[in-house]
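K.L.:
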Amino acid sequence: PPPDVTTDEFDLGPDILLSPEMCQKVPEVPLEVSGLGEGIAVTAKVTSNAPESTGMTLFVNGVDGGTESDVRNGDTIQTKLCASPSYGVEEVFTLDYGSNNDSVMVRSHDAPSPSPQPPP
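Whatever position you read off the sequence shown (first residue = 1), add 103 for the numbering used here.
1) Looking at the structure shown, is TYR190 part of a helix, part of a strand, or coil, going by DSSP?
2) For the beta strand (DSSP E) containing ALA224, name the first residue and the last one.
3) Since PHE196 sits in a beta bridge, which residues does DSSP pair it with?
4) Pull up the distance between the alpha-carbon of LEU161 and that of ASP213, whole angstroms please.
5) For ASN203 and LEU120, what's the separation of their Cα atoms in angstroms?
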């Protein structure tokens with residue numbers, strides 16, 4: 104039979120609003136990989152809809168794995184997602200492993216309103 108690469112579903116949680124260049128670990132509590140066949144490893148990867156984005160890091164068992172890493176049952180996965188350095192930018196990050204994926208939108212705050220100038 105083919106290897107069982109079916110993983111249990113997961114949810115990265117709600118969309119996030121951050122100050123430009125600020126980062127947040129998502130989800131708050133690391134996901135535990137489960138549902139794979141005995142001894143089976145699959146590739147976990149985090150991607151962005153923005154070309155050349157560098158605002159994402161994959162952590163497996165608390166270790167920085169870049170954007171792609173092999174995972175097995177019992178491993179924990181968490182992503183670190185960062186808002187754009189520009190104001191008012193939305194970026195959608197997707198975590199994909201085994202048979203499932205989920206996305207979360209990270210938006211940077213809008214630019215602050217300019218202060219009113221005092222009358223001369």
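Note that beta-carbon positions come from the ideal geometry of N, C-alpha and C, so glycine has one too.
P.N.:
Concretely, from the data shown:
1) Here residue 190 refers to the residue found at position 87 of the sequence shown. TYR190: coil per DSSP, three-state reduction.
2) Any property of residue 224 remains undetermined from this structure, which presents the chain solely from 104 to 223.
3) In the sequence shown, residue 196 corresponds to position 93, counting from 1. DSSP lists SER151 and VAL207 as partners of PHE196.
4) Position 58 of the sequence shown, counting from 1, holds the residue named residue 161. Position 110 of the sequence shown, counting from 1, holds the residue named residue 213. Their backbone Cα atoms lie some 27 Å apart in a straight line.
5) Here the question's residue 203 lines up with position 100 in the sequence shown. Here the question's residue 120 lines up with position 17 in the sequence shown. For ASN203 and LEU120, the distance between alpha carbons rounds to 25 Å.
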